[in-house]
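Notes follow the structure.
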Amino acid sequence: MDNLDIGLNQISGSIDEMRGRYLTFFIDNQVFGIPIADVIQIVGVQEITEVPEFPTYAKGIINLRGNIVPLIDMRIRFHKEELPYNDRTCVIVTNIGSRLIGLVVEAVDEVASISDEEISPPPVVSSDDTDSYITGIGLKDNKIIVLLDTQKILSTAAIEKLSLEDLENAL
0 MDNLDIGLNQ ISGSIDEMRG RYLTFFIDNQ VFGIPIADVI QIVGVQEITE VPEFPTYAKG
60 IINLRGNIVP LIDMRIRFHK EELPYNDRTC VIVTNIGSRL IGLVVEAVDE VASISDEEIS
120 PPPVVSSDDT DSYITGIGLK DNKIIVLLDT QKILSTAAIE KLSLEDLENA L
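Have a look at this one:
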């Protein structure tokens, strides 16, 4: 995955150019998307340092060019069975709550342009936090894409638990 390291300068553009563009990825054969504007970088999985007392979906931390980045395994976050990582497993580095967070996904799919007309409101099935981080359901080329609000994938309490202060105290 040496060629997977994609920096922001390769996928960035003006706010207008990024509107309606989503980085899509797979979790358990389902396609999810996050706004491309939220993506800082995509890297392959590297050595992960486990941190005591992290939530179960937080696999540990990585050192990304001098930045300590907590990793969230999106399979576990979405209550799916944990799987071993392979050569297609990727880390999508994003900024959540003003902290760099890596989202571990099974594979990155593509950058998809999805117009507002191709997005339906999310279904309301419960009152828990699931409804808060799903922003819509995109339909592109007969493919259903669950669109996520990157800032709401983790609760404020979970973000604070992954804070650097806590990391320093735990290590």
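For the sequence shown, numbering that gives the first Met the number 0 assigns the number 0 to the initial residue and increments by one for each residue that follows. Every residue, glycine too, gets a C-beta built ideally from N, C-alpha and C.
query: Residue ranges of each alpha helix (DSSP H) run of no fewer than 4 residues wholly in the stretch 41-89, ordered along the chain?; result: 73-76
query: Using a 10 Å radius around the Cβ and a threshold of 16 neighbouring Cβ atoms, would you call Ile91 buried or exposed?; result: buried
query: Would you call Leu153 buried or exposed, if buried means 16 or more other Cβ atoms sit within 10 Å of its Cβ?; result: buried
query: Any idea if Glu109 is buried or exposed, counting beta-carbon neighbours within 10 angstroms, 16 or more meaning buried?; result: exposed
query: Using C-beta distances below 7 Å, list every residue in its chain close to Asn168, excluding the 5 sequence neighbours before and after it, in chain order.; result: Reliability of the predicted coordinates at Asn168 is poor, the pLDDT of 47 falling under 50, and no value is obtained from them.
query: With a threshold of 7 Å on Cβ separation, who are the neighbours of Gln9 within its own chain once the five nearest residues in sequence on each side are excluded?; result: With a pLDDT of only 44 at Gln9, under 50, the local geometry of the prediction cannot be trusted, and the value read off the model is given with reservation. So the list is empty, once near-sequence residues are dropped.
query: Helix, strand or coil for Gly32? Go by DSSP, reduced to three states.; result: strand
query: What separation, rounded to the nearest whole angstrom, lies between the Cα atoms of Ile177 and Leu99?; result: In this structure the chain extends from 0 to 170, so residue 177 is not present and cannot be described.
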